[in-house]
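These notes are about the structure you will find just below.
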Amino acid sequence: MDKDKFAPRVENTKTEKTGERNSDYSLWHRSLGPDFLALDIDWVEYRKDRGIVGFLAVTGKCVDERHIINSKRFIWERTSLERKILSTLSQTMNVPSYFVIHNNDLSIFHVHDLSKDLKEFIVMNQETYGSFIKNL
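In the working numbering, the protein residues as written are 1089 to 1224.
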């Protein structure tokens, strides 16, 4: 892995915009250097009667479906390691993992099963996505 690819993360951390999350740990962890990577897992879907039923990485900030489609190549570039980790967890625990891209008003969801080719996905609206989550 190219160490220089991750070096800028130490200086260029994302600004926390909500004022609700403390970034002290992230900033400290990034000071350890590019050899010590850590990623957030967005969602671990858990059911009290079944345990972990899925891992999901979720990203948004897209205006509409065209924006989602046009952004995918950039999203895939920046999330390569995250997807690899989710896939490894998925295989190890024998539960599915998904990468979900949605638009700003949560009316369109592109759901990619990480065990399949990234070109394959299901388009869902809020209702069908909610049912999808409930049925994991």
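The beta carbon of each residue, even a glycine, is placed where N, CA and C say it ideally should be.
Going by beta carbons, Phe-1187 and Arg-1171 fall inside the 8 Å limit. Contact between the stretch 1160 to 1177 and the stretch 1118 to 1127 is established, with three or more Cβ pairs separated by less than 8 Å. Put simply, the backbone Cα of Gln-1179 is about 29 Å away from that of Asn-1191. Setting aside the 5 residues that flank it on each side, Leu-1194 is surrounded in the same chain by Gln-1214, each with a C-beta closer than 7 Å to its C-beta; the list follows chain order. When the Cα atoms are used, Tyr-1134 and Arg-1154 turn out to be separated by approximately 32 Å. Under the three-state reduction of DSSP, Arg-1138 is assigned to coil, being neither helix nor strand. In terms of Cβ geometry, Phe-1209 and Leu-1174 do not form a close pair [threshold 8 Å]. Burial is judged here by how many other beta carbons sit within 10 angstroms of a residue's own beta carbon; Ile-1156 has at least 16 and is buried.
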